[in-house]
Amino acid sequence: MKELVTRLANLYGTSGREETIASVVKEELEKTADRVETDKFGNVTAEKKGTSDFSIMLAAHLDEIGLAVEKTDEEGFTYPTKVGGWDPRILPSSPMKSKEGWGLVSKSPKELKDKKERKKSVKFNELFIESQNLSQGDFLVKDAQVAELGNPNILAGKGFDDRAGVAILIETFKRLGEKTEANIYGVGTVQEEVGLRGAGVAAFKLDPDLAIVLEVALADDMPVGNPHIPVVELGEGPAITVKDATMISHQGLNKLLIQTAEEEGIPHQLETLEHGGTDAGRIHITREGIPSSVIGIPTRYLHSPIEVIDIRDLEKGVNLLTSVLPKLTKSKLESLSILD
Numbered sequence: 013m014k015e016l017v018t019r020l021a022n023l024y025g026t027s028g029r030e031e032t033i034a035s036v037v038k039e040e041l042e043k044t045a046d047r048v049e050t051d052k053f054g055n056v057t058a059e060k061k062g063t064s065d066f067s068i069m070l071a072a073h074l075d076e077i078g079l080a081v082e083k084t085d086e087e088g089f090t091y092p093t094k095v096g097g098w099d100p101r102i103l104p105s106s107p108m109k110s111k112e113g114w115g116l117v118s119k120s121p122k123e124l125k126d127k128k129e130r131k132k133s134v135k136f137n138e139l140f141i142e143s144q145n146l147s148q149g150d151f152l153v154k155d156a157q158v159a160e161l162g163n164p165n166i167l168a169g170k171g172f173d174d175r176a177g178v179a180i181l182i183e184t185f186k187r188l189g190e191k192t193e194a195n196i197y198g199v200g201t202v203q204e205e206v207g208l209r210g211a212g213v214a215a216f217k218l219d220p221d222l223a224i225v226l227e228v229a230l231a232d233d234m235p236v237g238n239p240h241i242p243v244v245e246l247g248e249g250p251a252i253t254v255k256d257a258t259m260i261s262h263q264g265l266n267k268l269l270i271q272t273a274e275e276e277g278i279p280h281q282l283e284t285l286e287h288g289g290t291d292a293g294r295i296h297i298t299r300e301g302i303p304s305s306v307i308g309i310p311t312r313y314l315h316s317p318i319e320v321i322d323i324r325d326l327e328k329g330v331n332l333l334t335s336v337l338p339k340l341t342k343s344k345l346e347s348l349s350i351l352d
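Note that the sequence shown covers residues 13 to 352 in the working numbering.
Here's what the structure looks like:
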């Protein structure tokens, strides 16, 4: 798992430019799936055939947040637009790369600003990139390589959102044993960071009976205030989403996920968010509605140049998923729909 998530996270692949990561994911899934295809939108879909026509969609997005070059000038400065959600305050001094170029995000130094301007937070339109080999229309991602953070289980790097989820998807397909009743569709979705677009296309095409999205969860176990009680922590297992800004998880499906984790002795957490969302936000309202939930890997510093995960949480996420999938049958779904 460690080698897999490291390989995936280091790959280039911002929204709309997922070809490299998609190719690698397709290659990995072809080793264990009965069928793998890439749709017209760019989603990679693998199928493990079950013993019935009941189907489950597992989704993890391939893309990462990035920048796109809007314009350049003769001095070698380029001016970016956002691809996904960035906080402009954390971007200055960040190295960024395109497929072939490289640049450094910069802003006007405070020494050139008056006292009033120095007190203001940096705005995105104040940022520029210094580079001699970027062109208008280039897409850029963070230029960083995964590394251990003083502990072999703690990894720091770019793109864990959502290469951590993609790694769980691939590993789950490897570890699923005997055939399940359900047909399992594993989908590497595209353009999640710019509007959950690929997930909507894939869900409409597959029309699954239920869906589980494999994502990251917002870890807040850091010194962010006093007193502070963390909700989601690294090393404490996957987080099952209760709600976010785009979806309220299916209560019956969540109940089964929690029950399975408890029965199997898998540490787990619950995540409730006011802001943000995942592919489940688009999937669960496709066609006549698709019962959906999210399994998230605790991640610190989401949507920043460097994110941090605990590899043990990925292992526990795979354990939970491989334990619950054999239990998900057509009759079980019908019973889950009757909430007590």
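Built from N, CA and C at the ideal position, the CB exists for glycine as well.
In this text, all values refer to a predicted model and were calculated from it rather than measured experimentally.
If you check the CB distance, ASN195 and SER67 come in under 7 Å. PRO107 carries a strand assignment under DSSP once its states are collapsed to helix, strand and coil. By the Cβ neighbour-count rule, MET108 is buried, with 16 or more other Cβ atoms within 10 Å of its own. Shown here for LEU23: same chain residues with a beta carbon closer than 8 Å to its own, the five before and five after excluded, namely THR32, ILE33, VAL36, GLY171 and ARG175 in chain order. In the same chain as LYS186, and ignoring 5 residues on each side of it, the C-beta atoms closer than 6 Å to its own belong to THR44, in chain order.
In this structure ALA273 touches LEU332 by the C-beta definition: roughly 6 Å separates them, less than 8 Å. Note on PHE140: 16 or more other CB atoms within 10 angstroms of its CB, so buried under the neighbour-count rule.
Under the three-state reduction of DSSP output, LYS43 falls in the coil class, being neither helix nor strand.
For GLY289, the closest of GLU204, GLY301, VAL336 and ALA58 by C-alpha to C-alpha distance is GLU204. In terms of Cα proximity to GLY207, the closest of GLU40, GLY62 and ILE295 is ILE295. If you look at ASN195, you'll find it in the beta strand (DSSP E) that goes 195-201.
Contact annotation: THR253 and GLU283 have beta-carbon atoms nearer than 7 Å. Restricting attention to GLY28, SER335 and LEU348, the CA atom closest to the CA of GLY189 is found in SER335.
Within a 10 Å sphere around the beta-carbon of ILE180 sit 16 or more other beta-carbons, which makes this residue buried. Taking C-beta atoms under 8 Å as the contact rule, ALA58 and LEU79 fail to qualify, at a distance of about 30 Å.
Collapsing the DSSP output to three states places THR18 in a helix.
Going by C-alpha positions, LYS119 is about 6 Å away from PRO104. Assigned with DSSP and collapsed to three states, ASP232 falls in coil, not helix or strand. The count of Cβ pairs closer than 8 Å, one atom from the stretch 312-322 and one from the stretch 335-346, stays below three, leaving the stretches out of contact. With respect to SER143, THR90 sits close: the two C-beta atoms are nearer than 7 Å. Taking a contact as a CB-CB distance under 8 Å, the pair HIS280 and ILE270 counts as one, their CB atoms being some 7 Å apart. Burial state of MET69 is buried, judged by a 10 Å Cβ sphere holding 16 or more other Cβ atoms. Between GLU49 and the set GLY198, GLU248 and GLY293, the nearest pair of CA atoms involves GLY198.
Taking all protein chains shown into account, ILE241 has fewer than 16 neighbouring C-beta atoms within 10 Å of its C-beta and is therefore exposed. Between GLY212 and the set VAL134, ARG299, MET13 and ILE77, the nearest pair of CA atoms involves ARG299.
Taking 8 Å as the upper bound for CB-CB distance, GLU76 and THR93 are not in contact here, some 16 Å apart. Approximately 4 Å separates the beta-carbon atoms of SER110 and ASP150; this is inside 8 Å, confirming the contact. The three-state secondary structure of ASP99, taken from DSSP, is coil. Per DSSP, the beta-bridge partners of GLN281 are ALA251. With a threshold of 16 other beta carbon atoms within 10 Å, LYS328 meets it and is buried.
Between ASN145 and TRP114 the beta-carbon gap is near 7 Å, inside 8 Å, which marks them as a contact. By the neighbour-count definition (other C-beta atoms within 10 Å, threshold 16), VAL17 is a buried residue. Non-local beta-carbon contacts of VAL330 in its own chain, meaning distances under 8 Å to residues more than five positions away in sequence, involve MET13, ILE180, GLU183, THR184 and ARG187 in chain order.
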